[in-house]
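Structure first, commentary second.
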Amino acid sequence: MAEKTNCAKCQKAGCAAKCYGCQQSYCIPHFVKHRLYLAQQMDDLQEKYKVLEKDVDENDFEQSFLSSIYAWERKAIRKIQEIAEKARNDIQEIIEKRKDEVKISLNKTLSEYGTTAKSENYTEIEIDKWTKQLSELRNSLEKPTNICIVEDRKATATIRGIKIIEQQEQSLCSNPISQTNNHTSEKLIESIQEHFVSMYGPCTISEDKSLVKHSSYRAGISQISGVNNYSSGKHSIVFLIEKKGTKNIFFGIHSAAKEVSTAAYDRSIYGWWNLDYVIMNGDNVDGNNSKEIIQTGDKITLIIDCDNQQVQFEHRRIEKLVHLPVVLSECPFPWQILIRLINSGDCIRILR
1 MAEKTNCAKC QKAGCAAKCY GCQQSYCIPH FVKHRLYLAQ QMDDLQEKYK VLEKDVDEND
61 FEQSFLSSIY AWERKAIRKI QEIAEKARND IQEIIEKRKD EVKISLNKTL SEYGTTAKSE
121 NYTEIEIDKW TKQLSELRNS LEKPTNICIV EDRKATATIR GIKIIEQQEQ SLCSNPISQT
181 NNHTSEKLIE SIQEHFVSMY GPCTISEDKS LVKHSSYRAG ISQISGVNNY SSGKHSIVFL
241 IEKKGTKNIF FGIHSAAKEV STAAYDRSIY GWWNLDYVIM NGDNVDGNNS KEIIQTGDKI
301 TLIIDCDNQQ VQFEHRRIEK LVHLPVVLSE CPFPWQILIR LINSGDCIRI LR
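Residue numbers for the sequence shown, in my numbering: 1 to 352.
Okay, structure coming up:
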């Protein structure tokens, strides 16, 4: 005799129907209720479809992006106005100083001219000398050779432009640690200048803090952060691997709100030791660290997307982009870049 199955709701034996979705068996009354429940869910889903369809036609979804661009525009204009005002003040100060110098020289020349003219003790030599002096004084006032206007190329004085980048969309039903072989198309708000900051371990930072090198004679973790904090917007930092040993280099982020002064466990760390070796909440969640896909000479782009709460890792040579969602409860804003070097002599550079 076949074993009788109990109803999932009332536990009565002798079920008459089974749902092949939830894999539960029911008596007739509860099976009818279960189907009614599913029908209600279908109705709710249809209503959500209608609402989304209406929103697609009516809502102004681009407004938040336009607001971000407008905010950047206002900030850039204010910065330009501040720089221009300072330049105008500097010019006025220099010109006033030049006027004072011309007045002193002019008074001296006029005094000499007056004395000589009064005594009538002058020849062509004196006239030519005074004519030349007057011409030089006028030129020094009208065409000063020691003043020029040039672009200030220091990082602190640079106004970064913006450009829009459309990322390759990951499937809505895919694994959150998704990847694509498509190269990113040009569409990202450029980040401000980034610089390395040593956290712990043996390393040397040089060349305006854009180059970091593992400085020990033997292997061991050296952890390096960035000077910038990221809490909003989308930012990209491009790294050049100038030298890489047998062990991989870690690229990622951590929370600046969680201070880590030693190699202690840090759940705010997210990133990659390799394309298939992923770290989330400080733990390895995918792959292993045995493959050496990343090589000396490779360019790596780390994309920090605060607005969508994710980081992206782009390997330019093989044209692969991977995504990693960030849990804010584990890695709260602000974020900072995080680099870990292991091999002696490992060396990477921030490209600008």
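C-beta atoms are modelled at their ideal positions from N, C-alpha and C, and glycine is treated no differently. In this text, all values refer to a predicted model and were calculated from it rather than measured experimentally.
Opening and closing residue of the alpha helix (DSSP H) in which residue i lies
| i | result |
| --- | --- |
| Val51 | Ile28 to Glu58 |
| Ser140 | Glu124 to Glu142 |
| Leu328 | First-last for Leu328: undefined, no H or E at that position. |
Extent of the continuous beta strand (DSSP E) to which residue i belongs
| i | result |
| --- | --- |
| Leu275 | Leu275 -> no beta strand (DSSP E), and no H or E assigned at all. |
| Glu99 | Per the sequence presented here, residue 99 reads as Lys, with Glu not at that position. Per DSSP, Lys99 belongs to no beta strand (DSSP E); it is in the alpha helix (DSSP H), Gln63 to Ser119. |
| Lys258 | Where Lys258 is concerned, there is no enclosing beta strand (DSSP E), given that its DSSP letter is neither H nor E. |
| Ile303 | Lys299 to Asp305 |
| Phe362 | Look at the range of the chain in this structure, 1 to 352, and you will see that residue 362 is not part of it. |
| Thr363 | With the chain covering only 1 through 352, there is no way to say anything about residue 363. |
| Ile337 | Trp335 to Leu341 |
Whole-angstrom C-beta distance between residue j and residue i, which should lie under 8 Å
| i | j | result |
| --- | --- | --- |
| Ile253 | Tyr270 | 5 Å |
| Tyr26 | Ala8 | 6 Å |
| Val197 | Ser215 | Between Ser215 and Val197 the Cβ distance is about 15 Å, and since that is not below 8 Å, they are no contact. |
| Phe239 | Ile348 | 5 Å |
| Ile303 | Gln312 | 4 Å |
| Gly201 | Ile221 | 5 Å |
| Ile28 | Ala16 | 5 Å |
| Ile342 | Lys247 | 4 Å |
| Cys306 | Ser255 | Rounded, the Cβ-Cβ distance is 12 Å, inconsistent with contact. |
| Ala257 | Pro332 | 5 Å |
| Lys99 | Leu134 | Actually they do not touch by this definition, with Cβ atoms about 15 Å apart. |
| Cys19 | His34 | 6 Å |
| Thr296 | Ile241 | 6 Å |
| Arg352 | Gln193 | 6 Å |
Close Cβ partners of residue i (< 6 Å) along its chain, the five nearest in sequence each way excluded
| i | result |
| --- | --- |
| Trp130 | Tyr113 |
| Ala157 | Note that Ala157 scores a pLDDT of 48, beneath 50, so its modelled location is shaky and nothing firm can be said. |
| Ile339 | Ile224 |
| His195 | Lys209 and Val227 |
| Tyr122 | Thr116 |
Bridge-paired residues (DSSP) for residue i
| i | result |
| --- | --- |
| His195 | Its beta-bridge partners do not exist; DSSP assigns none. |
| Tyr270 | Ile253 |
| Ala437 | The structure shown does not extend to residue 437, since the chain spans only 1 to 352, so no value can be given for it. |
| Asn284 | Ile279 |
| Ser232 | Partner(s): none; Ser232 has no beta bridge. |
| Ile237 | Leu302 |
| Tyr265 | Paired residues: none, contrary to the question. |
Residues near residue i in its chain [Cβ-Cβ closer than 8 Å; skip 5 each side]
| i | result |
| --- | --- |
| Leu328 | Gln309 |
| Arg316 | His183, Asp298, Lys299, Ile300 and Thr301 |
| Met1 | Confidence at Met1 is low in this model, with a pLDDT of 43, below 50, so its placement is unreliable and the value that follows should be read with caution. No residues qualify anywhere along the chain. |
| Gly345 | Lys213, His214, Lys243 and Gly245 |
| Cys353 | This structure does not reach residue 353, given that the chain is present from 1 up to 352, and the question cannot be answered. |
| Ile279 | Phe250, Gly252, Ile269, Tyr270, Gly271, Trp272, Trp273 and Val285 |
| Ser64 | none |
| His30 | Cys7, Ala8, Lys9 and Cys10 |
| Thr109 | Trp130, Gln133, Leu134 and Leu137 |
Per-residue DSSP class, three states only, for residue i
| i | result |
| --- | --- |
| Glu242 | strand |
| Lys320 | strand |
| Lys213 | strand |
| Val227 | coil |
| Cys347 | strand |
| Leu172 | The predicted position of Leu172 is uncertain, since its pLDDT is 44 and thus under 50; no value can be drawn from it. |
| Ile293 | coil |
Test: residue i CB closer than 9 Å to a CB of chain B
| i | result |
| --- | --- |
| Gln336 | Absent here is chain B; the protein component of the structure consists of one chain. |
Own chain partners of residue i with C-beta closer than 7 Å, once the 5 adjacent residues on each side are dropped
| i | result |
| --- | --- |
| Glu330 | Arg267, Ser268 and Asn281 |
| Ser174 | Residue placement at Ser174 is poorly supported in this model, since its pLDDT is 46, which falls under 50; the coordinates are not used for a value here. |
| Leu137 | Val102, Ser105 and Leu106 |
| Tyr217 | Ser344 |
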